[in-house]
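Chains as they are written, first to last, in UniProt numbering: chain R, 1 to 366; chain X, 1 to 295; chain C, 1 to 297. For reference, the structure discussed in these notes is given below.
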Amino acid sequence: MAEITLKGLAHSYSKSPSSHSDYAIRQMDHVWHQGGAYALLGPSGCGKSTLLNIISGLLEPSEGDVLFDGHRVNELPPEERNIAQVFQFPVIYDTMTVYDNLAFPLRNMNTPEYKVDPKVREIADILDLTPLLSRKAKNLTADEKQKVSMGRGLVRDDVSAILFDEPLTVIDPQLKWKLRRKLKEIHERFNITMIYVTHDQLEASTFADKIAVMYDGQVVQFGTPRELFEKPAHTFVGYFIGSPGMNFMSVSHQAGKVMFGELPLPVNEAVSRSVAAAGSSNIKLGIRPEFITVSQTPEANSVPIEVVNLQDLGTYSLLSFTLNGQLFKARLPEGHAPVGDAAHAVFSDQHIALYVDEYLVEIGHE
Amino acid sequence: MNNKVLNNRAWLLVLPMLVLVAFSAIIPLMTVVNYSVQDVLGPNARFFTGTEWFHSILNDASLRNAFVRQILFSLTILAIQVPLGIGIALIMPKRGWQASAVLILITLPLLIPWNVVGSIWQIFTRGDIGLMGWGLRELGINYNITRNAGDAWATIILMDVWHWTPLVAMLCYSGLRSIPEAYYQAARIDRASKWAIFRYIQLPKLTNVLVIAVLLRFMHSFMIYAEPFVLTGGGPGSSTTFLSQSLATMAIGQQDLGPSAAFSIIYFLVILLVSWVFYTTIMHMQKDKNPHGGA
Amino acid sequence: MYRLDNAQQGEKYNTIFSRTTPAQRRKRNARSRLRSRFLLGLYLFLMILPIYWLINMSLQTNSEILGSMTLWPQNLTFDNYIGIFTNSSWYMGYVNSMLYVALNMLITICVALPAAYAFSRYRFIGDKHLFFWLLTNLMAPPAVFLLPYFQLYYSVGLFDTHIAVALAHCLFNIPLAIWILEGFMSSVPKEIDETAYIDGYSFPRFFIKIFIPMIRSGIGVTLFFLFMFSWVELLLARTLTATDAQPIGMIMTRTSTASGIDWGTLAAAGVLTIVPGILVVYFVRNHIAKGFALGRT
Numbered sequence: 001m002a003e004i005t006l007k008g009l010a011h012s013y014s015k016s017p018s019s020h021s022d023y024a025i026r027q028m029d030h031v032w033h034q035g036g037a038y039a040l041l042g043p044s045g046c047g048k049s050t051l052l053n054i055i056s057g058l059l060e061p062s063e064g065d066v067l068f069d070g071h072r073v074n075e076l077p078p079e080e081r082n083i084a085q086v087f088q089f090p091v092i093y094d095t096m097t098v099y100d101n102l103a104f105p106l107r108n109m110n111t112p113e114y115k116v117d118p119k120v121r122e123i124a125d126i127l128d129l130t131p132l133l134s135r136k137a138k139n140l141t142a143d144e145k146q147k148v149s150m151g152r153g154l155v156r157d158d159v160s161a162i163l164f165d166e167p168l169t170v171i172d173p174q175l176k177w178k179l180r181r182k183l184k185e186i187h188e189r190f191n192i193t194m195i196y197v198t199h200d201q202l203e204a205s206t207f208a209d210k211i212a213v214m215y216d217g218q219v220v221q222f223g224t225p226r227e228l229f230e231k232p233a234h235t236f237v238g239y240f241i242g243s244p245g246m247n248f249m250s251v252s253h254q255a256g257k258v259m260f261g262e263l264p265l266p267v268n269e270a271v272s273r274s275v276a277a278a279g280s281s282n283i284k285l286g287i288r289p290e291f292i293t294v295s296q297t298p299e300a301n302s303v304p305i306e307v308v309n310l311q312d313l314g315t316y317s318l319l320s321f322t323l324n325g326q327l328f329k330a331r332l333p334e335g336h337a338p339v340g341d342a343a344h345a346v347f348s349d350q351h352i353a354l355y356v357d358e359y360l361v362e363i364g365h366e
Numbered sequence: 001m002n003n004k005v006l007n008n009r010a011w012l013l014v015l016p017m018l019v020l021v022a023f024s025a026i027i028p029l030m031t032v033v034n035y036s037v038q039d040v041l042g043p044n045a046r047f048f049t050g051t052e053w054f055h056s057i058l059n060d061a062s063l064r065n066a067f068v069r070q071i072l073f074s075l076t077i078l079a080i081q082v083p084l085g086i087g088i089a090l091i092m093p094k095r096g097w098q099a100s101a102v103l104i105l106i107t108l109p110l111l112i113p114w115n116v117v118g119s120i121w122q123i124f125t126r127g128d129i130g131l132m133g134w135g136l137r138e139l140g141i142n143y144n145i146t147r148n149a150g151d152a153w154a155t156i157i158l159m160d161v162w163h164w165t166p167l168v169a170m171l172c173y174s175g176l177r178s179i180p181e182a183y184y185q186a187a188r189i190d191r192a193s194k195w196a197i198f199r200y201i202q203l204p205k206l207t208n209v210l211v212i213a214v215l216l217r218f219m220h221s222f223m224i225y226a227e228p229f230v231l232t233g234g235g236p237g238s239s240t241t242f243l244s245q246s247l248a249t250m251a252i253g254q255q256d257l258g259p260s261a262a263f264s265i266i267y268f269l270v271i272l273l274v275s276w277v278f279y280t281t282i283m284h285m286q287k288d289k290n291p292h293g294g295a
Numbered sequence: 001m002y003r004l005d006n007a008q009q010g011e012k013y014n015t016i017f018s019r020t021t022p023a024q025r026r027k028r029n030a031r032s033r034l035r036s037r038f039l040l041g042l043y044l045f046l047m048i049l050p051i052y053w054l055i056n057m058s059l060q061t062n063s064e065i066l067g068s069m070t071l072w073p074q075n076l077t078f079d080n081y082i083g084i085f086t087n088s089s090w091y092m093g094y095v096n097s098m099l100y101v102a103l104n105m106l107i108t109i110c111v112a113l114p115a116a117y118a119f120s121r122y123r124f125i126g127d128k129h130l131f132f133w134l135l136t137n138l139m140a141p142p143a144v145f146l147l148p149y150f151q152l153y154y155s156v157g158l159f160d161t162h163i164a165v166a167l168a169h170c171l172f173n174i175p176l177a178i179w180i181l182e183g184f185m186s187s188v189p190k191e192i193d194e195t196a197y198i199d200g201y202s203f204p205r206f207f208i209k210i211f212i213p214m215i216r217s218g219i220g221v222t223l224f225f226l227f228m229f230s231w232v233e234l235l236l237a238r239t240l241t242a243t244d245a246q247p248i249g250m251i252m253t254r255t256s257t258a259s260g261i262d263w264g265t266l267a268a269a270g271v272l273t274i275v276p277g278i279l280v281v282y283f284v285r286n287h288i289a290k291g292f293a294l295g296r297t
C-alpha cells in the first residue's frame, strides 16, 4: 500500500537541459493517494509515459523526488519498488505456460511452492484464466496475454500500485470494455493504487475516479471526469476533453466592451469585469459546443453567424459555423438545427469560461 | 503468408535465375552421376559399372576415417562456437560508435579469403616466426603442428573458432536486437535474475537465428577445405584430412573419375540428409510447442 | 485502517529495501558492466592478434622475420608492398579477384531480385519445391563440383576467364541472395505494390522506381554477403583458372619457392586481401545487424 508523491519532479533526456523545450517533464508536484483509480490522460508526446516510467523506477528523474509513503525512492530500481507495470504490447514469457508465467515473480523471490500454487490459482480465477493455466502463453490471444501480464503484477502480495501504459492498444474493440470492467473489479477487490496511462478520454473516464490531464510535460488539471468537462482548468483540457472540444475566442477589453476581434460580444457584466481585470494580452473565452444555442432569428444577446456545415448524428446534430472568420462547433438537440446559411447564436453566460494565459480564471457569476 | 496471389506468370521472373543455377548445378551434377556408374578409361572407352564405385567408396577405410574425423570436427566446433557466439553477442555494446566499431572488428575474420586464413594461422603458429608457436615454446610447451596430431587438431579447431565464431555472434546479436525494451523492463519488475532473463527472454528469441547458425556452421564445417589444406596439408599423416580434401585429392590429383563421382554423391547426400533431419526435427519441436499456432 | 504510522512504515520499507543500498547496487552494476567490457576486450584482442602478426610481418624484411623474435617491426619497411604493387603478375591477381567478384555480384543481383520478388509475392506451380531445391545448392560442397566444372567450362571455352568463376560462384550466391532478399521483400507491405499498379505503374517501372529503393538496405546487405562468399572462396576459383584470370589467393602460393618461403611478401599479400573486406563492411555497418538476421527476425 502506498501513497505516491512527486515533489518538484522534472525530467530531461538531455544531459544539460538549457531551455524549456529540453524537458520531457517540467517541474511538477503531484500526489497519488493510496487505493485510487487514476488515469493519466494526454496526447502522445506529452510526457505521460516518461512520468509512468519514473514512478515505476525504469527511469531516474533528473530533478526532484519520488516518494512512496513519504520515503524517497528515486534511486530504487523497479524490482525494489513494489509496483507492477502492464505495457502497451503484452509482455509474456513465450516458452512458459500461463501457470508458470503467473508464478514467475513469486519464484523469483524464492517463494516456496506451497505458497505459490494457491496464489496463482486465486489470481487465475479472478482473471478468468483458470482454463488456460496449462497452455503455452505464446498461443494466447492479445487480451488473454494482457491479462496474464496483469496477473503477474497481482500475484505478489507486496504490490502497492499497478501502472498501466496504454494496455488496451492491441485489444479488439469489443473486448476492450470487458477488460476495463475486469480492471475496475480488481481495483475494488484489492484496494490497489492504479495509474492508467491513455490518450483516449473515454477510456480514462470509464476507468478512473480522477484523471490527471498532461500537456507539454505538466499535469494541467487533476480532477474527476465531471470536473474536467465542466471546469477545464486549462485551455488544453477544454480542447482535449469533450467531443468536439471547447470553442475559444481570443478577446480584449476596449471601451467597456469585450471585443472578439472587431466584434463586440454580448456578455454579462461579470464576464466583462473579469476580462477587464485580467491584465494580460492573452485572454480567451471558452464555450463548450453543448452550451451554444442557435436560432433562425436574432434574439437577445445573440450574434449573427454563418453556417458552414450541419452533420446529423442521430440524437443530436453537429453544427459548424463561422463567427468573425473563426470556425466554431455547436452541439444542437434534435430539431433545433437552423435552415439556410445565416443564423444567430447565443453563448450561455453561465458556461462561458475565462482563460488568462491559458489558465482558467474564476468569474464571479451571479 | 497465405495472402500470396496465385500467378503462374511469376515463373517468368524466376526463369533467368533458374537458367543460371541449372547451368552451374544441374549439368555438373548430371556429369557426376554419369561418372559414378561408369569406368572411364579413355575418351571412347567407358564401361557401365553399376553400384560398384559406391561399394568401394563405402568400404574404403581411409575415407571412413576421414568421415569420422569430419563428424568429430563439426561437432567440436559447433559445441564451442554456439555458446561462445551467444556469449559474445550478449556482451556486445548495443548502440553508439562502440557498437559500430565492434561490429566491424568482429566481422573481420569472415571477410578474409579462406586460404589466407590458413596462411595467417600457419605463420602465427610456426615455432620460429609465429607469435603463438614461439610463445608456447618459450613457455616450455612442446608444440608442433607438423609432428603432433593433437597439436594439429587443436590448432585447426582454434582456427575455425577464430574464423567462424563471429558469424554465430553476429546472428545472435541481430536476434537480440529485435527484443523490445519492454521485455527487459517487465522482467526487472518481475525481479527476474540475469539468468532468468537469459533463459526465458533472450534464449527463446534466439531460437530462430540459432537454427540458421547451426545449419550454416554445420554445412560449412562439413565442406571445410582451404584452411586446413594450407595450415597442415591434412597432416601429420592424414590426421587432419577431411572429406573435401580427400575428394579433391581423388578427383584432381589421382583423376579417379568414377570413385570420386560416387564419393561426391554420397558426400552431398550426407549433408542434405543431416540438414534435413536437423531442420525437420527443429520444426517439429516448434510445432509441438505450438499446437494452436497457425504461423 | 490500512495506514500505518510513520515509524512502522519506515521500518517496513527498510526491510523491503534494505537488501541493497543504492550505492551498493550501483557499484555492482558498474562492476558487471566492467566485467563484460573486459571480456569483450579480451576476445577482440585475441581475435586481432593473428591479424596483427600478419601486418607486423608484412612490414619487416625477411631477414628480420627469420632473425630474432620481435613484437613490432624494428626496421619499418614497405618493400613488400612496393614489390606487390610494381609487379603486374602480383597485382593482376587482385584485379582478377575483384573482377570476378564484381561480375558475380552483378549477375547474381540481376537475376535474384526478380526471382525473390516472385517468391515473396506470388504462388505458382512448384514454388515451394523450387525454393527448397535452391537452398540445397547452398549445401553442395564445392569439392563435388570441381571436376564437372572444369570439364564443363573447358568444353564451352570459358576456362580461365573471369566470367567462368563468376558463373561458378552463382551456384551458392544466387540461392543465398534470393533467401536474404525474400526476407526483406516480405517485410514490405503488399499494399505498396497494389497502390502502384492502381496508379498506373507498369511492373518494370514500379519495380525499379519504387520497390528497389524501398529495399535499398536489404540490397546493400545482400551485396555484402555476395561479396563475402565470392571473395573468400578459392577452391572453385583456382580450379577454373590458369593464368589470365588467376585469383590472388593462388598467386600467393608462388611465395614458396625452392629457396624457401618469401614470408614478407606472403604477409603483405595477405594483408591486402583483408582491405577490401574492411571497406565493404564499413559501408553496410548500420544495416549489418539486421542483415545477419537475413531480414527475418
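Beta carbons: idealized from backbone N, C-alpha and C, even for Gly. Note that the structure is a prediction, hence the values are computed from the model and not measured.
Outcome for residue i when other beta-carbon atoms lying within 10 angstroms are tallied against a minimum of 16
i, result
"residue 32 of chain R", "buried"
"residue 121 of chain X", "buried"
"residue 195 of chain C", "exposed"
"residue 278 of chain C", "exposed"
"residue 51 of chain X", "exposed"
"residue 313 of chain R", "exposed"
"residue 15 of chain C", "Because the pLDDT at residue 15 of chain C is just 42, under 50, the model does not fix this residue reliably, and the point stays unresolved."
"residue 163 of chain X", "buried"
"residue 193 of chain R", "buried"
"residue 348 of chain R", "exposed"
"residue 146 of chain X", "exposed"
"residue 26 of chain C", "exposed"
"residue 2 of chain C", "Bear in mind that the predicted position of residue 2 of chain C carries a pLDDT of just 39, short of 50, making it unreliable; the figure below should be weighed with that in mind. Residue 2 of chain C is exposed by the Cβ-count criterion."
Cβ-Cβ distance between residue i and residue j below 8 Å
i, j, result
"residue 72 of chain R", "residue 105 of chain R", "no"
"residue 232 of chain C", "residue 284 of chain C", "no"
"residue 108 of chain C", "residue 174 of chain C", "yes"
"residue 228 of chain C", "residue 111 of chain X", "yes"
"residue 245 of chain C", "residue 84 of chain C", "no"
"residue 86 of chain R", "residue 165 of chain R", "yes"
Cβ separation of residue i and residue j, assumed to be a contact under 8 Å, to the nearest whole Å
i, j, result
"residue 163 of chain R", "residue 66 of chain R", "About 12 Å separates the two Cβ atoms, so there is no contact after all."
"residue 121 of chain C", "residue 5 of chain X", "7 Å"
Range covered by the alpha helix (DSSP H) that runs through residue i
i, result
"residue 44 of chain R", "Residue 44 of chain R -> no alpha helix (DSSP H), and no H or E assigned at all."
"residue 101 of chain R", "98-108"
"residue 146 of chain R", "142-154"
"residue 231 of chain C", "216-232"
"residue 107 of chain C", "88-121"
"residue 367 of chain R", "An answer regarding residue 367 of chain R cannot be provided, because it is not within the stretch 1 to 366 covered by chain R."
"residue 83 of chain X", "61-91"
N-terminal and C-terminal residue of the beta strand (DSSP E) that residue i is part of
i, result
"residue 7 of chain R", "4-12"
"residue 222 of chain R", "218-223"
Distance cut-off 7 Å: residue i Cβ against heavy atoms of the ligand FMN
i, result
"residue 18 of chain R", "The ligand FMN is not part of this structure, which contains no ligands at all."
Practice problem: Determine which residues of the stretch 280-295 of chain R have a Cβ less than 7 Å from any Cβ of chain X, and write them out in chain order. | Solution: none
Practice problem: For the stretch 214-225 of chain X, enumerate the residues whose C-beta is nearer than 8 Å to any C-beta of chain C, in chain order. | Solution: Contacts with chain C (Cβ-Cβ distance below 8 Å) from the stretch 214-225 of chain X involve 219, 222, 223, 225, listed in chain order.
Exercise. Give, in chain order, every residue of the stretch 88-120 of chain R whose Cβ lies closer than 8 Å to some Cβ of chain X.
Key: 88, 89, 91, 93, 94, 95, 96, 104, 105, 108, 109
Quiz prompt | Residues in the stretch 169-185 of chain X having any Cβ partner in chain R nearer than 8 Å | solution = Contacts with chain R (Cβ-Cβ distance below 8 Å) from the stretch 169-185 of chain X involve 180, 182, 183, 185, listed in chain order.
Quiz item: Using a beta-carbon distance cut-off of less than 8 Å, what residues from the stretch 90-113 of chain X approach chain R?
Solution: none
Quiz item: At a Cβ cut of 9 Å, what residues of the stretch 190-206 of chain X count as close to chain R, listed as they run along the chain?
Solution: Residues of the stretch 190-206 of chain X whose Cβ lies closer than 9 Å to any Cβ of chain R, in chain order: 190, 191, 192, 193, 196, 199, 200, 201, 203, 204, 205.
Quiz item: Taking Cβ-Cβ distances below 7 Å as the criterion, which residues of the stretch 145-162 of chain C are in contact with chain X?
Solution: Result list: 145, 146, 147, 148, 149, 151, 152.
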